[in-house]
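Shown next, in C-alpha cells, is the structure this report addresses.
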Amino acid sequence: MKCYDFDLFVIGAGSGGVRAARMASERGMRVAVAEVSRLGGTCVNVGCIPKKLFAYAAQFAEAFQQARGYGWRLAEVAFNWSTLRDNTDAEIERLTSVYRALLVNSGCQLIEGRATITGAHMVSVGARNWSAERIVIATGGWPFVPDVPGREHAITSNDIFSLEHFPKRAVIVGGGYIALELAGIAAGLGTRTRLVYRGELFLRGFDEDIRRITAEEMSKRGVLLNFGCGICAIEKQADGCLLVTFSDGSRELTDCVLYATGRLPNVAGLGLENTSVRQQANGAIVVNEHLQTHEPSIYAIGDVIDRTQLTPVALSEGMQLVRHLLGEEGPRVDYELIPSAVFSQPAIATVGLTEAQARLRYCDVVVYKSSFRALKQTLAGGNERTFMKLLVDHASDRVVGAHMVGSDAAEIIQGIAIALRAGATKRVFDTTLGVHPTSAEEFVTLRKPSNEPFITTDP
Ligand code: FAD
Ligand code: NDP
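The sequence shown begins at 1002 in our numbering and counts up by one.
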C-alpha cells in the first residue's frame, strides 16, 4: 500500500475548504489545508460578512429619517468611514482566528502559501512538496473585469471594504448580486451612486416583477440607474478623479468605478496542467456527481466548480464530499430550491421557480402577489413598498416559487424555503395562521390570484 503524507490535502481555506477539512479531520483522516491569504476565504474577508455589516451601516441613514415620524429628534448625524472599516476589519480578524482555532483543534495541519498541484497525488507550497491520497480544490473565484481602456483605475468588491476614503461619487458596473448590494451600500452611506447595466433591466434570471419593483425602489432611494449602457473608457484626471465615457457618448466625473461583472473560477497557478482535470470554457473545474474531477484522486467544491456561488452551497458540497470519501450515506447537494437573498436596499429574497420558469414547467400556474406599504412606513412617512409573490402549480396545489422585495425579506424567505422543501401546498399556506402584525403574514393571506404586474392593497 502506498504511503502518503496526508489522506486529504485541501487547497483553499474558504467556506468549502474549511468545512471539508474540519469534517474529514474530525472523522480520523490526516488532513492538510493550504491557504495563500486570510483564513475564511471570500465570504469572511471580502464577501458575505463585510457586505452584510456594511449593509447594516447603510440602513441607518434611512432609520434616522424614519425615527423622526416616531417622535425622535436627532442632533446632526455624521458618518465616519474609518470607524466602519476598522470595526469591520476587527470583526473579520476575530472570525479568522476562530477559523484557525477550529482547524487546528480538529487536527488539520495548516500550511500557509500558494499551493500548486504537481501531480495526481502531489502538492507543492513554496519549496516544500507533500503527497496526498486525495486532493480537494476549494480555491473559490475571483472578480472578472472586462477589458476596458483604463480598467486599471477601476476597483472590485475585493477592494471596496478596505478603501482609504469612501468615495463621494461612484459608478458601479453590473446588474447582479454584487452590483446591487454595493450600490445600496454606497447610496446609503451618502455616495452619489450610478449603477450601469448592459441589458434592458438588471437581475437577469430573477422573477420579472422582482426585477421591475427593485429598479423602482432603488430609484426612489436615489440610486441612478442606467440600463442598456456600458463604459467605453476610464481616464484618470490630474486631481485623481476619474472621467468615465459611457457607451451613449456621455461623460461623467467620478471618484470610483467599481466592476461587479461576475466572478471567474480561481485556478491561476494551480498546476492543473500537471493533471487530467478538465475545465469548462470559463475555467470552472468539471466534476461528476461525487464532486470528483477527471483525475480520480482530485475533487473540487465551491465556487471553483461554478454551480451555485453561495456559501451554504460550498459548505454542503464540502460535507457531501467527505461523506462520500468515507463511504457514508447522506444526501447529495440539491441544487433546486436553494433560497437566496440579494442584500440590496430594499432586500430581495427568493426560493424556487420564477414565474417564467414555472410556466415552462407546469401547464397551469396560479400567481398570487401583493404590494403594500409596511406598517412601519406609516409613521415614518416613507413610500417604500413591500412586494410578495407566490407561484402555485394548479394541478398539485404545490407552491413552486416564493419571491419578496422589502425589509427583512432574507429573514422571511428562510422559513418559506423550509415549507417549499417540505412540499407545502397553497392550502397549507392558507391554513397557516399569520403572525400579526408583520409583513411576513402576507405570505399566508394571499387569497386572490392575480395576473396584474402590480397590485396595490393599501389606499
Ligand atoms: P472561497 O471562500 O473563495 O475560498 C477560496 C480560498 O482559496 C481563498 O481563501 C483563497 O485565498 C484560497 N486559494 C485560492 N487559490 C489558492 C492556492 N493556489 N493555494 C492556496 N490557497 C488558495 N454568498 C452567500 O451565500 N451569501 C452572501 O451574502 C454572499 N455575499 C457575497 C458578497 C460578495 C462581495 C462576494 C464576492 C461573494 C459573496 N457570496 C455570498 C459568495 C460566497 O462568498 C462564495 O460563494 C463562497 O465564499 C465560496 O466559497 P469557496 O470555499 O468556494 O471559496
Ligand atoms: P452575477 O453573475 O450575479 O452578475 C454579474 C453581472 O455582470 C450581470 O449583471 C452580468 O450581466 C454583468 N456582466 C457580466 N459580464 C459583463 C461584461 N463583460 N460587461 C458588462 N457587464 C457584464 O455576479 P456578481 O459578480 O454580482 O456575483 C458573483 C456571484 O457571487 C453571484 O452570482 C452570487 O452567486 C454570489 N454572490 C451572492 C451574494 C448573496 O448571496 N447575497 C452576494 C454577492 C455575490 P448579464 O446579466 O447581462 O450577463
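Note that beta-carbon positions come from the ideal geometry of N, C-alpha and C, so glycine has one too.
- Runs of the beta strand (DSSP E) lying entirely within the segment 1123–1168 and spanning at least 3 residues, in chain order: 1123–1126, 1129–1138, 1142–1144.
- With respect to the C-alpha of Ala-1014, the residue from Val-1352, Leu-1104, Val-1334, His-1404 having the closest C-alpha is Leu-1104.
- Taking C-beta separations shorter than 7 Å and ignoring five residues to either side along the sequence, the partners of Phe-1080 in its chain run Leu-1190, Gly-1191, following chain order.
- Scanning its chain for C-beta atoms nearer than 8 Å, with the 5 sequence neighbours on each side dropped, one finds around Asn-1283 the residues Leu-1265, Pro-1266, Asp-1307, in chain order.
- Contact between Gly-1175 and Ala-1261 holds: their C-beta atoms lie close to 4 Å from each other, under 8 Å.
- For Met-1030 and Gly-1041, the gap between their C-alpha atoms comes out near 21 Å.
- DSSP places Gln-1066 in the uninterrupted alpha helix (DSSP H) bounded by 1049–1070.
- Distances taken from the Cβ of Leu-1271 to the heavy atoms of the ligand FAD include one shorter than 7 Å.
- Counting the other CB atoms within 10 Å of its CB gives Cys-1044 a total of 16 or more, which places it among the buried residues.
- The closest CA to that of Gly-1018, considering only Tyr-1005, Val-1037, Ile-1419, is found on Val-1037.
- Under the rule that a run must span 3 or more residues, the beta strand (DSSP E) segments found entirely inside the segment 1089–1114 read 1110–1113.
- DSSP, reduced to helix, strand and coil, places Cys-1257 within a strand of the structure shown.
- Under the criterion of beta carbons closer than 8 Å, Thr-1309 and Ile-1339 qualify as touching, at roughly 6 Å.
- A direct Cα-to-Cα measurement between Glu-1274 and Met-1024 gives close to 29 Å.
- Remark: the C-beta of Leu-1311 is in contact range of the ligand NDP, defined as less than 7 Å to any heavy atom.
- The beta carbon of Gly-1272 lies closer than 7 Å to those of Thr-1117, Ile-1118, Thr-1119 in the same chain, with the five residues before and after it left out.
- By the criterion of a C-beta distance shorter than 6 Å, Leu-1085 is surrounded in its chain by Ala-1058, once the five residues flanking it on both sides are discounted.
- About 6 Å separates the beta carbons of Phe-1388 and Gly-1407, which is inside the 8 Å limit, making them a contact pair.
- Distance between Ala-1396 and Asp-1365, taken at the CA atoms: about 7 Å.
- Here Val-1047 is near Phe-1162, since their CB atoms are less than 8 Å apart.
- Leaving aside the five residues that flank Phe-1145 on each side, the residues in its chain whose CB is nearer than 7 Å to its CB run, in chain order, Thr-1262, Gly-1263, Arg-1264, Leu-1265.
- By the Cβ criterion, the segment 1192–1201 is in contact with the segment 1212–1229, since at least three pairs of Cβ atoms, one from each stretch, lie closer than 8 Å.
- Taking C-beta separations shorter than 8 Å and ignoring five residues to either side along the sequence, the partners of Phe-1430 in its chain run Leu-1391, Val-1400, Ala-1420, Phe-1444, Val-1445, Leu-1447, following chain order.
- Taking 7 Å as the cut-off, one finds no heavy atom of the ligand FAD near enough to the beta carbon of Thr-1097.
- Scanning Val-1245, Ala-1359, Ala-1021 for the CA closest to the CA of His-1154 turns up Val-1245.
- Of all C-beta pairs linking the segment 1208–1223 to the segment 1175–1188, three or more are shorter than 8 Å, placing the two stretches in contact.
- About 6 Å separates the Cβ atoms of Tyr-1369 and Pro-1450, confirming a contact at the 8 Å cut-off.
- For Lys-1052, same chain residues with a beta-carbon under 7 Å away, outside a window of 5 residues either side, are Glu-1182, Phe-1344 in chain order.
- Judged by DSSP in its simplified three-state form, Pro-1313 adopts helix.
- Straight across, the Cα-Cα distance linking Gly-1151 with Cys-1257 is about 12 Å.
- Runs of the alpha helix (DSSP H) lying entirely within the segment 1023–1050 and spanning at least 4 residues, in chain order: 1042–1047.
- Bounds of the beta strand (DSSP E) holding Lys-1237 are 1232–1237.
- The continuous stretches of beta strand (DSSP E) do not include Arg-1360, which lies in the alpha helix (DSSP H) extending over residues 1356–1362.
- With respect to the 8 Å criterion, Thr-1255 and Arg-1115 are not classified as neighbours on the basis of their beta carbons.
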